[in-house]
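Numbering (UniProt numbering), first residue to last: 1 to 175.
Virtual Cβ for every residue (Gly too), placed ideally from N, Cα, C.
Because the structure is a prediction, the values reported are computed rather than measured.
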Amino acid sequence: MTTALYEIETSEADDGTTVPAEGIWTPSSEDAADNGFIAYSGLYVAGIGAPNDEALYPDRFVVLGHHRWAQIIEAAAAFMDRVHGWRSLHLYPDDDPSVPIHRIPRAVHTHAVFLRRPHPDHPCGCEWEDTWRMIWAPPTEPGAVPITAMRHPAAPATATGLPDPDQGAPAAWAP
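Set out below in structure tokens:
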């Protein structure tokens with residue numbers, strides 16, 4: 001018997017039955033671009049904010065598929081430039097440039113399950129409609145998508161919760 005790593009949220013329909021409020025989503029090409037990913041040199045990258053979603057800027061980046069570390073750095077810089085008008089990955093916009101510059105962290109190859117609201121068969125009309133969330137998952141988990149992930153250099157290392165291969169997480173360091 002296995003324990004599920006994620007739970008699909010549900011809501012109650014008018015007739016009292018429980019229906020899924022979200023479903024497994026596999027982002028790809030234009031569908032990913034329509035949902036917050038940007039296309040850069042054939043890669044699809046998204047910046048993800050703090051868990052409390054109050055941060056203006058992403059604390060980590062995810063790129064669909066497994067890619068080299070240098071590719072995710074370029075894609076992350078392109079994301080910051082296109083979305084926030086800021087090409088530097090060393091600081092966030094409006095940070096004090098006298099603060100020591102962080103090194104760019106290593107990227108990891110891992111897997112995640114993307115859950116999207118609403119489940120196509122059961123639109124819910126809530127404030128989260130047409131949004132997605134991502135949950136780290138082993139590659140064998142149903143719906144798991146290969147991704148390359150990296151924390152933003154200005155984000156605290158403990159804040160992002162990226163899988164750490166050195167701690168036994170289902171991930172490997174990107175070459």
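inquiry  = My assumption, with CB atoms under 8 Å, is that Ala112 sits in contact with Val145. Please give the rounded CB distance.
reply    = Locating residue 112 in the sequence shown gives position 112, counting from the first residue. Locating residue 145 in the sequence shown gives position 145, counting from the first residue. About 6 Å separates the two Cβ atoms, so the contact holds.
request  = Pick helix, strand or coil for Arg82, following the three-state DSSP scheme.
outcome  = For the purposes of this step, residue 82 is taken as residue 82 along the sequence shown, with counting starting at 1. Three-state result, Arg82: helix.
query = Got a sec, what are the start and stop residues for the beta strand (DSSP E) Ala149 sits in?
reply = Translated into the one-based positions of the sequence shown, residue 149 becomes position 149. Taken as a continuous stretch (DSSP letters only), the beta strand (DSSP E) holding Ala149 covers Val145 to Arg151.
ask   = Is Asp59 buried or exposed, if buried means 16 or more other CB atoms sit within 10 Å of its CB?
value = Residue numbering aside, residue 59 sits at position 59 when the sequence shown is read from its first letter. So Asp59 counts as buried.
message = Does Phe136 pass the burial test, meaning 16 or more other C-beta atoms within 10 Å, or should it be called exposed?
response = Taking the sequence shown and counting its residues from 1, the one referred to as residue 136 is at position 136. Contrary to the premise, residue 136 reads as Trp rather than Phe in this sequence. The residue is buried, with at least 16 neighbouring Cβ atoms inside 10 Å.
message = Quick check: Ala70 and Tyr40, are their CB atoms within less than 8 Å of each other?
response = Start at 1 with the first residue of the sequence shown, and residue 70 comes out as number 70. Start at 1 with the first residue of the sequence shown, and residue 40 comes out as number 40. Not closer than 8 Å, so no.
request  = May I ask which residues mark the beginning and end of the beta strand (DSSP E) holding Glu12?
outcome  = Numbered from 1 along the sequence shown, position 12 holds the residue referred to as residue 12. Here the beta strand (DSSP E) through Glu12 covers Thr10 to Glu12.
request  = Select from Arg103, Arg133, His109 and Ser88 the residue whose C-alpha is nearest the C-alpha of Arg68.
outcome  = As a position in the sequence shown, residue 68 is number 68, starting the count at 1. When each option's Cα is compared against that of Arg68, the closest is His109.
Beta-carbon gap between residue 181 and Ala174 smaller than 8 Å = Here the chain covers residues 1 to 175 and nothing more, so residue 181 does not appear.
query = Roughly how many whole angstroms lie between the Cα atoms of Glu30 and Gly65?
reply = Position 30 of the sequence shown, counted from the start, is the residue given in the question as residue 30. Position 65 of the sequence shown, counted from the start, is the residue given in the question as residue 65. Going by the C-alpha atoms only, they are around 15 Å apart.
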